[in-house]
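These notes concern the structure reproduced below.
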Amino acid sequence: LEEAPDMPTEQKAKYVHITLEKANRLEKLINEFFEITRYNIQQIVLEKEQIDLYYMLLQMVEEFYPLLSQKGNQAVLHGDEDVTVYGDPIKLARVFNNILKNAVAYSYDNTEIHIFVDKMQSGNVRIKFQNQGKTIPKEKLSSIFEKFYRMDEARTSNTGGAGLGLAIAKEIVTLHGGEITAESEDEQVIFVVELPPGGVRL
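Each residue of the sequence shown is one higher than the last, beginning at 30 in this note's numbering.
This is the structure we're talking about:
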């Protein structure tokens, strides 16, 4: 743009659009780096309150509607509407946002993403995200929560993040005394978050 001030308007608009996309992606990556550094160097203080988990996930499904509809996908929420958990709503929302974003990115077109919320016999709350997509090999599943880990498809795209989303999710779940796991077979990918009802550090 600087070297060609007489560039045609249409071509100029195209380059401005590309520049803006790259700048936005760079900002997103920098924010992710700062966030994971913050989790590593200091104890994050959880601002806990009683959370209506079903309502939180319902809101998230609605927020994701435009992104889902681009690929003909749909998110379906199942479970008890009365399930609550004591935790940090902003940070737990970040966990579910990261998992759902991951499910959208790797789902086959025109398929459903299922979210199950239920209370276990132990009293813990379990949130399960299940989507139809390419099976993740077992050797890659063990690395999926590591910092900077990206699936092959994400590495070859210009839109993927730095591979910190799931690492950040794990840090937050661990701070709540919970556990996050992933499994995949028969073109199904499942993420499970299990949280103690009190949301305390074990």
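Even for Gly, the Cβ is constructed at its ideal location relative to N, Cα and C.
Beta-carbon contacts of Tyr-83 that lie in its chain and below 8 Å, excluding the five residues immediately before and after: Non-local beta-carbon contacts of Tyr-83 in its own chain, meaning distances under 8 Å to residues more than five positions away in sequence, involve Leu-106, Gly-108, Asp-109, Glu-110, Asp-111, Val-112, Val-146 in chain order.
Exposure of Phe-93, with buried meaning 16 or more beta-carbon neighbours within 10 Å: Phe-93 comes out buried.
Secondary structure of Gln-150, DSSP reduced to three states: Coil, per DSSP.
Bridge-paired residues (DSSP) for Ala-104: As computed with DSSP, Ala-104 is found in a beta bridge with Ile-142.
Thr-164 and Glu-216 closer than 7 Å at C-beta: Yes. Within cutoff.
Proximity below 7 Å, CB of Pro-226 to CB of Val-124: The criterion of a C-beta distance shorter than 7 Å is not satisfied by Pro-226 and Val-124.
Where Lys-120 falls, given that 16 or more other Cβ within 10 Å makes a residue buried: Classification for Lys-120: buried.
Cβ separation of Ser-136 and Ile-142, assumed to be a contact under 8 Å, to the nearest whole Å: Going by Cβ atoms, the distance from Ser-136 to Ile-142 rounds to 6 Å, so yes, they are a contact pair.
Cα-Cα separation between Leu-55 and Val-154, rounded to whole angstroms: Using only the alpha carbons, I get a separation of about 36 Å.
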